[in-house]
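Q: Can you keep this structure in mind? I'll have questions shortly.
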Amino acid sequence: MIIASTEVEDAVHHYWNVFASKAREELRRLYAENASVFGSSSKRLEPVRLAWVRRDREYMASPARMKVEVSNIEVEVISDDAALAAYNMSFEAMQKSIVSTTGGRIGHEHLANARVTHLFIRHSDGSLKIMHEHISAPVD
């Protein structure tokens, strides 16, 4: 089944709704098992399993409340079973857990006009899975 642009756009919106609702297990199911992630604060590419641990600690297991808005979604269908979505995002996390060498604390995170790229692949069950994720924020 060929991937449609509207299907990818729906997958992007669904991903961020799941993330903001802190649905841990559903969020994990949206990624391919061997996915890679370049997060907004990452210094290197990471396997998705490592990103899950960090996000679980910082967002899912903390009192964090999140607000996400996506815009300007551009979809490029690469093949019958792969598509790239590139878009802008505004992300705000209130009461996010921040872990440092001096201990844990609660903080606030705001990304205005972040750039996001998701590579989606068609999984054997017919669903779209994230194979690669890259989030970056403009440098002020």
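Under this note's numbering, the first residue of the sequence shown is numbered 11, with each subsequent residue one higher.
Idealized CB from N, CA, C, for every residue including glycine.
1) Could you say which of V63, S81, H23 and E102 lies nearest to R34 if we only look at CA atoms?
2) Which same chain residues, not among the five before or five after Y25, have their C-beta less than 6 Å away from its C-beta?
3) R54 lies in the alpha helix (DSSP H); which residues open and close that run?
4) Measuring CA to CA, which of S46, A30, V47 and A21 is closest to Y69?
5) Check whether the Cβ atoms of A74 and S100 lie closer than 8 Å to each other.
6) Using three-state DSSP, classify A71 as helix, strand or coil.
A: Per the coordinate set shown:
1) The residue given as residue 34 occupies position 24 in the sequence shown. Closest option to R34, Cα to Cα, is V63.
2) As a working mapping, residue 25 is identified with position 15 in the sequence shown. Contacts found: L40.
3) On the sequence shown, residue 54 is found 44 positions in, with the first residue counted as 1. From DSSP, R54 is part of no alpha helix (DSSP H); its letter is neither H nor E.
4) Against the sequence shown, residue 69 aligns to sequence position 59. Ranking the options by Cα distance to Y69, first place goes to A30.
5) Here residue 74 refers to the residue found at position 64 of the sequence shown. Here residue 100 refers to the residue found at position 90 of the sequence shown. The answer is no: Cβ separation not under 8 Å.
6) Within the sequence shown, the letter at position 61 stands for residue 71. In the structure shown, A71 sits in coil (DSSP, three-state: anything other than H, G, I, E or B).
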